[in-house]
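Novice:
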Amino acid sequence: MKLITLAFVLSMSLHGQWITGFYAAQNGVLPVSSIPWNKYTHIIHFAATPALDGSSNATGGVSMNYLNQAEISAFAARPAGKKVMVCIKDNDGNHNAFTQATSPGMIGTFVSNIASFVASNGYDGVDIDWEANINATQYIDLLNRLRSAMPGKVITMAAGDWGGMDSVAASAQTQIDQINVMCYDMDNGQNCNGQECTWHNDALSQNGQSDKRTCDARVRAFSNKGVAAGKLGIGIPFYGRRRTGATQPQVMGSFPSYTVYYRNLVTDSTRWQRL
Numbered sequence: 523m524k525l526i527t528l529a530f531v532l533s534m535s536l537h538g539q540w541i542t543g544f545y546a547a548q549n550g551v552l553p554v555s556s557i558p559w560n561k562y563t564h565i566i567h568f569a570a571t572p573a574l575d576g577s578s579n580a581t582g583g584v585s586m587n588y589l590n591q592a593e594i595s596a597f598a599a600r601p602a603g604k605k606v607m608v609c610i611k612d613n614d615g616n617h618n619a620f621t622q623a624t625s626p627g628m629i630g631t632f633v634s635n636i637a638s639f640v641a642s643n644g645y646d647g648v649d650i651d652w653e654a655n656i657n658a659t660q661y662i663d664l665l666n667r668l669r670s671a672m673p674g675k676v677i678t679m680a681a682g683d684w685g686g687m688d689s690v691a692a693s694a695q696t697q698i699d700q701i702n703v704m705c706y707d708m709d710n711g712q713n714c715n716g717q718e719c720t721w722h723n724d725a726l727s728q729n730g731q732s733d734k735r736t737c738d739a740r741v742r743a744f745s746n747k748g749v750a751a752g753k754l755g756i757g758i759p760f761y762g763r764r765r766t767g768a769t770q771p772q773v774m775g776s777f778p779s780y781t782v783y784y785r786n787l788v789t790d791s792t793r794w795q796r797l
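Per my numbering, residue 523 is the first one in the sequence shown, and the count goes up by one each step.
#1: Measure the alpha-carbon distance for Val-749 versus Gln-695 and round it to whole angstroms.
#2: Any chance you could list the beta strand (DSSP E) runs of at least 3 consecutive residues sitting entirely within the segment 531-600, in chain order?
#3: At a cut of 8 Å, does the segment 659-672 reach the segment 625-638 through at least three beta carbon pairs?
#4: Does Thr-696 get closer than 7 Å to chain D when you measure Cβ to Cβ?
#5: Determine, using beta-carbon pairs with one atom in the segment 716-728 and one in the segment 690-708, whether at least three such pairs fall under 8 Å.
#6: Count the other C-beta atoms from every protein chain shown that fall within 10 angstroms of the C-beta of Lys-561, then say buried if there are 16 or more, exposed otherwise.
#7: For Thr-678, count neighbouring C-beta atoms within 10 Å of its own C-beta (all shown protein chains included) and say buried if the count is 16 or more, exposed if not.
#8: Taking 7 Å as the threshold (C-beta atoms), are Gln-728 and Ala-743 in contact?
#9: Between Ala-658 and Phe-597, what straight-line distance do the alpha-carbon atoms span, to the nearest angstrom?
#10: For the alpha helix (DSSP H) containing Leu-754, list its first residue and its last residue.
#11: For Lys-605, which residues from the same chain have a beta carbon less than 8 Å from its beta carbon, with the 5 sequence-adjacent residues on both sides left out?
#12: Check Leu-787 in the structure and name its three-state DSSP category.
#13: Relative to the alpha-carbon of Ala-546, which residue among Pro-553, Phe-568, Ser-556 and Leu-552 has its alpha-carbon at the smallest distance?
Right, here's the structure in full:
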């Protein structure tokens, strides 16, 4: 991620609407001081991870990962009323780190360390981005314990229609403030009639094509489980994707891809023209 690459338009109801942006730590492009705060209600600082020991096993601690203290301190100058949460994502060094950190013998320590990290760094809450090797029972326990440990803080989760996240959200929705459905990166590994094919980064509607990755299908996975509409946010990518060798979706085969960031797209006079 570079810049504020994602925005969540929250919630789906008209009351209490949130607009949340992800701020990628150490992005080298946009300093904290230049965040357009008037466009957002919440910012998620991306990202810390479950900490690992020398053998790459979870310790129950929180690792700074991408974060640094200078940026964290800069968020203290945010305008009144704006909320900043720290994201804790999967540790790339061990995709079982969340599972280990939320095990019965370690979860108490992990939750205590998250609450301490949030408080000591002046955050308004935490965003949990557990996407790999999810243990639904332990995830629900994590969210319930976080609410007990941080009753006055904001708790959100990044969510997709895989790994049982819909069931986690349905079970824990009373303990969390927002469930942000990731309507992006749908082009990776999309199948057409059982074969890999090109697809959109952020397709909106299946329109009867149930094999396609789309935003409405991901949201429906949660609403069908009973998640309240007012808890659901829609993740919008502030970037696009280009694939070499294909000019349209549903072309069979695997094609090299690269990301086009919003900041570059709006300066591309060929693809961005004002009417």
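The beta carbon of each residue, even a glycine, is placed where N, CA and C say it ideally should be.
Specialist: Taking the coordinates as given:
#1: 7 Å
#2: 540-546, 564-574 and 580-585
#3: yes
#4: In summary, chain D is missing from the structure at hand, where a single protein chain is found.
#5: yes
#6: Result: exposed.
#7: With 16 or more other CB atoms across the displayed protein chains lying within 10 angstroms of its CB, Thr-678 is buried.
#8: At the C-beta level, Ala-743 and Gln-728 stay beyond 7 Å of one another.
#9: 33 Å
#10: Secondary structure note for Leu-754: it is in no alpha helix (DSSP H), and the uninterrupted beta strand (DSSP E) holding it is 754-759.
#11: Thr-563, His-564, Ile-565, Asp-646, Gly-647 and Val-676, listed in sequence order.
#12: helix
#13: Phe-568
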